[in-house]
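Chains as they are written, first to last, in my numbering: chain A, 110 to 328; chain B, -19 to 393.
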């Protein structure tokens, strides 16, 4: 962005060096910031390259429709598989033919991508949680060991500690062995803590669990 | 094959079959005084009002019995229905249907052809609670209509959405042709209810015995609920219960005789009976068109019927079952991570394909919503070309038939 660099900063505190009369100068102030700099060129998708009337399809970004079955979920013999492929090829060809080089395009930053749809082979966004492979490395002997440790001293050998020791998930430890006595104790402790909640905290927690149920209903 | 005459079907529907013409001259005289048309009126008189020694005269009695009783039964004692006080009839006389402006208006409002008799339309409005006589109330017609509605709706849902889980199919059935939907349809058609059934009121009103406000529902309508401890499985619902998968079965129409019912019960029995009588009088194509115009045209958001408890787990089971790569949640975009109202957009990817996308105010919420969206995208698959089985009924040419997709079933974790 081009900006008007001022030669001299006028400041009341600064000592006057010259004896020249005080001239008011116009800085990068309201008119330029609010009008000229914000006067952006039209988005390329809104500026057709032909004078003939054409259809402009530029929908607002919104969540994708669940009725559009992804390509992977289509059965083998569905016609949409070939249709999707043809549409992708056509749009790629058309975009490549019509696209000007990003530098030659007026008003677009250099990073603007062309009209190309995102290719499936493009780099994927980063995963939310680190992906892991299931190892299936625990045999019967280790599973027996997990059981023995957990039941011998459930306070020392918690699910987290066992999962750490055997390199599996806490969920798997829970599948292998359940310590009912400890579960009841912990539940009683939680219940005791819950009785000490005030009205606001209780309402907030209940609302949170209710909101969580809405995730699966997509509300 | 002989063609069935629809007009004849209509008359059979209106009245019990008339006895064969007797050969005895006395009976001929008897037949002259009581015309065939009035025959059922007399039987009605005897069953409801007239308590005479001849009141055990049955419609279904064979001709010989009629002959024997005709001798000692003077024909002058028969009263013409014109002199019968209308108040004694439990429901309006069928002949009154021709004079009712409400019925004619209803018929044209529903765009039914004039060959659909007004008498039948009047009969569909009579609930068994108003008139216990099965030849005058809509009990039989509503059984036929309920089966037709269930058939057409089920095939529509199953053929268009072959992968739907069974619980969603039940919910969709309930939404299309459930009791509440039918009562709504009836009220949208402008059906008004009579305050009290009777022979003297307009046949264009819905006739039923009203449940007084504040009274408890009859036990028949409440249905039997399974004890809460019982685990009523989906298999049991599919095999044993009705099209809605409800544990309470619909009561038999004739069991509701004389029992006060709520207006929803009467309205839904009217809609079912109308479908049944349309099928009998107008035939299958017109009934299907009527069903399409009035029931399938109602918009139902199928994607709102889902309720996933563990969508991420279901999705990974689904991908394992179908042989796809394990699903991975990826952060597509985010804003305001450290603010009060962050928004994360997470997509679920299997390999390089995006299966679903969800937005949420926490990473977990967005991830779970994305998994739910991916599961919906799987379940709501819709084939491009669908031929419902009933469209090929009665056709010799089977070249138009395309076999429908049958899925292997929902994901079971």
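Think of the CB as a built atom: it goes at the ideal place given N, C-alpha and C, for glycine as much as any other residue.
Fair warning: this is a prediction, and the values are worked out from it, not measured in the lab.
Go ahead and pull the three-state DSSP assignment for residue 329 of chain B.
-> On the second chain, position 349 is the one that residue 329 of chain B refers to. Note: residue 329 of chain B maps to strand in three-state DSSP.
Since residue 385 of chain B meets chain A, which of its residues come closer than 8 Å, beta carbon to beta carbon?
-> Taking the second chain and counting its residues from 1, the one referred to as residue 385 of chain B is at position 405. Near residue 385 of chain B (Cβ distances below 8 Å), the residues of chain A are 184.
Using a cut-off of 9 Å between C-beta atoms, extract the partners of residue 238 of chain A located in chain B.
-> Along the first chain, read from residue 1 onward, the residue named residue 238 of chain A stands at position 129. Simply 308, 309, 343 and 347.
Please check if any C-beta of chain B sits within less than 8 Å of the C-beta of residue 162 of chain A.
-> Along the first chain, read from residue 1 onward, the residue named residue 162 of chain A stands at position 53. No, residue 162 of chain A lies away from the interface with chain B (no Cβ there is under 8 Å from its Cβ).
Closer than 7 Å at the beta carbon, the chain B residues around residue 181 of chain A = Sequence index remark: in the first chain, residue 181 of chain A carries index 72 (1-based). The answer, in chain order, is 304, 330, 333 and 335.
Name the DSSP bridge partner or partners of residue 315 of chain B?
-> Working through the second chain from its first residue, we reach residue 315 of chain B at position 335. According to DSSP, which records beta bridges pairwise, residue 315 of chain B is partnered with B:323.
Name the chain C residues whose beta carbon is nearer than 7 Å to that of residue 358 of chain B?
-> Going by chain labels, chain C is absent from the structure shown, which instead holds the protein chains A and B.
Going along chain A in order, which residues have a C-beta closer than 9 Å to the C-beta of residue 202 of chain B?
-> The residue labelled residue 202 of chain B in the question sits at position 222 within the second chain. The premise fails here: residue 202 of chain B is roughly 28 Å from chain A at the closest Cβ pair, so nothing lies under 9 Å.
Cα-Cα separation between residue 264 of chain A and residue 306 of chain A, rounded to whole angstroms | Start at 1 with the first residue of the first chain, and residue 264 of chain A comes out as number 155. Start at 1 with the first residue of the first chain, and residue 306 of chain A comes out as number 197. Each residue's Cα considered, the two are about 26 Å apart.
Got a sec, what are the start and stop residues for the alpha helix (DSSP H) residue 154 of chain B sits in?
-> Against the second chain, residue 154 of chain B aligns to sequence position 174. Unbroken alpha helix (DSSP H) run through residue 154 of chain B: 146 to 157.
What's the C-alpha gap between residue 96 of chain B and residue 127 of chain B?
-> Counting from 1 along the second chain, the entry for residue 96 of chain B is found at position 116. Counting from 1 along the second chain, the entry for residue 127 of chain B is found at position 147. Taking the straight line from one Cα to the other gives about 21 Å.
In whole angstroms, what separates the C-alpha of residue 150 of chain B from that of residue 173 of chain A?
-> Locating residue 150 of chain B in the second chain gives position 170, where the first residue counts as 1. Locating residue 173 of chain A in the first chain gives position 64, where the first residue counts as 1. The alpha-carbon atoms of residue 150 of chain B and residue 173 of chain A are separated by roughly 26 Å.
In terms of residue numbering, what span does the alpha helix (DSSP H) encompassing residue 191 of chain B cover?
-> The residue given as residue 191 of chain B occupies position 211 in the second chain. It is not in any alpha helix (DSSP H) - residue 191 of chain B carries neither H nor E in the DSSP assignment.
Could you confirm whether any beta carbon from chain A is found closer than 8 Å to the beta carbon of residue 291 of chain B?
-> Position 311 of the second chain, counting from 1, holds the residue named residue 291 of chain B. It does: the Cβ of residue 291 of chain B has a partner Cβ on chain A nearer than 8 Å.
Chain-ordered chain B contacts of residue 233 of chain A [CB-CB under 8 Å] = Residue mapping note: residue 233 of chain A aligns to position 124 of the first chain, counting from 1. Here the neighbours are 310, 329 and 332.
Classification of residue 250 of chain B by the beta-carbon crowding that lies within 10 angstroms, buried from 16 upward = Within the second chain, the letter at position 270 stands for residue 250 of chain B. By the 10 Å Cβ count, residue 250 of chain B comes out buried.
For a contact meaning CB atoms closer than 8 Å, what does residue 175 of chain A contact in chain B?
-> Locating residue 175 of chain A in the first chain gives position 66, where the first residue counts as 1. Those are 283, 336, 353, 356, 357 and 360, listed as they occur along chain B.
To which residues of the same chain is residue 252 of chain B closer than 6 Å at the C-beta, ignoring the five residues directly before and after it?
-> Counted from its first residue, the second chain places residue 252 of chain B at position 272. Cβ within range, chain order: 122, 125 and 126.
Tell me whether the beta-carbon of residue 177 of chain B lies closer than 8 Å to the beta-carbon of residue 71 of chain B.
-> Here residue 177 of chain B is taken as the residue at index 197 of the second chain, counted from 1. Here residue 71 of chain B is taken as the residue at index 91 of the second chain, counted from 1. Cβ atoms of residue 177 of chain B and residue 71 of chain B: closer than 8 Å.
Do residue 395 of chain B and residue 282 of chain B have their CB atoms nearer than 8 Å?
-> Limits of chain B in this structure are -19 at one end and 393 at the other, which puts residue 395 of chain B out of reach.
Report the partner residues of residue 106 of chain B according to the DSSP bridge assignment.
-> On the second chain, position 126 is the one that residue 106 of chain B refers to. Paired residue(s): B:187.
Would you mind stating whether residue 285 of chain A and residue 256 of chain A have Cβ atoms separated by less than 8 Å?
-> In the first chain, the residue the question calls residue 285 of chain A occupies position 176. In the first chain, the residue the question calls residue 256 of chain A occupies position 147. Contact flag set, yes.
To the nearest angstrom, report how far apart residue 190 of chain B and residue 175 of chain B are at their CA atoms.
-> On the second chain, residue 190 of chain B is found 210 positions in, with the first residue counted as 1. On the second chain, residue 175 of chain B is found 195 positions in, with the first residue counted as 1. So the two alpha carbons sit approximately 7 Å from each other.
Local conformation of residue 284 of chain B per DSSP, three classes = Here the question's residue 284 of chain B lines up with position 304 in the second chain. Residue state, collapsed to three classes: helix.
Any Cβ of chain B within less than 8 Å of the Cβ of residue 327 of chain A?
-> Sequence index remark: in the first chain, residue 327 of chain A carries index 218 (1-based). Taking Cβ atoms only, chain B reaches closer than 8 Å to residue 327 of chain A, which makes this a yes.
Which residues does DSSP pair with residue 338 of chain B in a beta bridge?
-> Translated into the one-based positions of the second chain, residue 338 of chain B becomes position 358. Bridge partners of residue 338 of chain B: B:326.
For residue 136 of chain B, does the count of other Cβ atoms within 10 angstroms reach 16, so buried, or fall short, so exposed?
-> Looking up residue 136 of chain B in the second chain gives position 156. When all chains shown are included, residue 136 of chain B counts as buried.
Can you name, in chain order, every residue of its own chain whose Cβ lies under 8 Å from the Cβ of residue 146 of chain B, other than the five neighbours on each side?
-> Looking up residue 146 of chain B in the second chain gives position 166. Within the same chain, residue 146 of chain B has close Cβ partners 214, 217, 218, 225 and 390.
Sorted by chain position, which residues of the same chain lie with C-beta nearer than 6 Å to residue 154 of chain B's C-beta, five sequence neighbours on each side aside?
-> One-based indexing of the second chain puts residue 154 of chain B at position 174. Within the same chain, residue 154 of chain B has close Cβ partners 224.
Does the beta-carbon distance from residue 170 of chain B to residue 83 of chain B come in below 8 Å?
-> Indexing the second chain from 1 puts residue 170 of chain B at position 190. Indexing the second chain from 1 puts residue 83 of chain B at position 103. Going by C-beta atoms, residue 170 of chain B is not nearer than 8 Å to residue 83 of chain B.
May I have the straight-line CA-CA distance separating residue 18 of chain B from residue 74 of chain B, to the nearest angstrom?
-> Here residue 18 of chain B corresponds to residue number 38 of the second chain, with the count starting at 1. Here residue 74 of chain B corresponds to residue number 94 of the second chain, with the count starting at 1. For residue 18 of chain B, the predicted structure reports a pLDDT of 45, less than 50, and the residue's modelled location is therefore unreliable. A value from the coordinates is still provided. One C-alpha to the other measures close to 11 Å.
Assumed close pair residue 361 of chain B, residue 143 of chain B - CB separation to whole angstroms, cut-off 8 Å = Within the second chain, numbered from 1, the residue matching residue 361 of chain B stands at position 381. Within the second chain, numbered from 1, the residue matching residue 143 of chain B stands at position 163. At roughly 5 Å, the Cβ-Cβ gap stays under 8 Å, so residue 361 of chain B and residue 143 of chain B are in contact.
May I ask whether a heavy atom of the ligand GDP can be found less than 7 Å away from the beta carbon of residue 72 of chain B?
-> The ligand GDP is not part of this structure, which contains no ligands at all.
DSSP three-state call for residue 308 of chain B: helix, strand or coil?
-> Counting from 1 along the second chain, the entry for residue 308 of chain B is found at position 328. Strand at residue 308 of chain B.
Specify whether the stretch 274 to 291 of chain B and the stretch 352 to 366 of chain B touch according to this definition: at least 3 beta carbon pairs, one from each stretch, less than 8 Å apart.
-> yes
Which whole-angstrom value is the C-beta distance of residue 132 of chain B and residue 268 of chain B, which I expect to be below 8 Å?
-> Locating residue 132 of chain B in the second chain gives position 152, where the first residue counts as 1. Locating residue 268 of chain B in the second chain gives position 288, where the first residue counts as 1. The Cβ separation is near 7 Å, so the contact holds.
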